[in-house]
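In UniProt numbering, the protein residues as written are 1 to 157.
Ideal placement from N, C-alpha and C gives every residue a C-beta, glycine not left out.
Data block below; observations after.
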Amino acid sequence: EFYVEFTGPKDSPYEGGHWKLHVELPDSYPYKSPSIGFVNRIYHPNVDEMAGSVCLDVINQTWSPMFDLVNVFEVFLPQLLLYPNPTDPLNGEAAAMLMREPEAYNKKVQEYVQRYAKAEDIGNAPADDGDSSLSECSSGGGFSSDDDADPAETADP
């Protein structure tokens, strides 16, 4: 397991945000997808606001051993932030706001960026307690990649 600093994509309401991501590679990686979760809070339809788990189809259902972590952090996650999928939400409130009031949604995203995703806050983000699933979707077919993780092993020294 390790942590990655991730910045919001340009020309999005997430621009300027800095997040600490918890990454776990299963023993069978790259044949099994990594588990990825946001440590500090982000407002997004496909991210559980409190647990940080990510609903990203390419990680949860369509993972291929041809993908690597560069794909995840430079393509898949930026695309998720640029193009949320409100039809398969982990955060129903964010999904509803995005569909009904996109300007209010963008404003709330920017408020979260200012409040929870400053570069200087990365080192102060709370460590994941290991109890939450890191990558899952609300619809059937999603799965958590950290099923065999020992919570005692997930503490950041």
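Which partner residues does residue i have in the DSSP bridge list?
i: G8; result: Partner(s): none; G8 has no beta bridge.
i: E24; result: S35
Got a sec? Which residues, its chain only, sit under 6 Å from residue i by beta carbon, not counting five neighbours each side?
i: L25; result: P34
i: Y105; result: M97 and L98
i: Q110; result: P13
i: E63; result: Looking at the sequence itself, residue 63 is Trp, so the reference to Glu does not match. S33.
i: I122; result: E5, H18 and K20
i: E1; result: E24
i: K108; result: Y43
i: P78; result: P9
Would residue i and residue j be called neighbours here (beta carbons separated by less than 8 Å)?
i: N46; j: V54; result: yes
i: L56; j: F73; result: no
i: P102; j: A95; result: no
i: H22; j: P84; result: no
i: F38; j: G52; result: yes
Which residues in the same chain as residue i place their Cβ atom closer than 7 Å to its Cβ, once the five residues preceding and following it in sequence are excluded?
i: E15; result: G8 and P9
i: P65; result: P30 and Y31
i: E49; result: R41, Y43 and N91
i: P86; result: P45, A95, L98 and M99
message = For the pair the region 2-13 and the region 103-120, tell me if three or more CB-CB distances fall below 8 Å.
response = Yes: at least three Cβ pairs fall under 8 Å.
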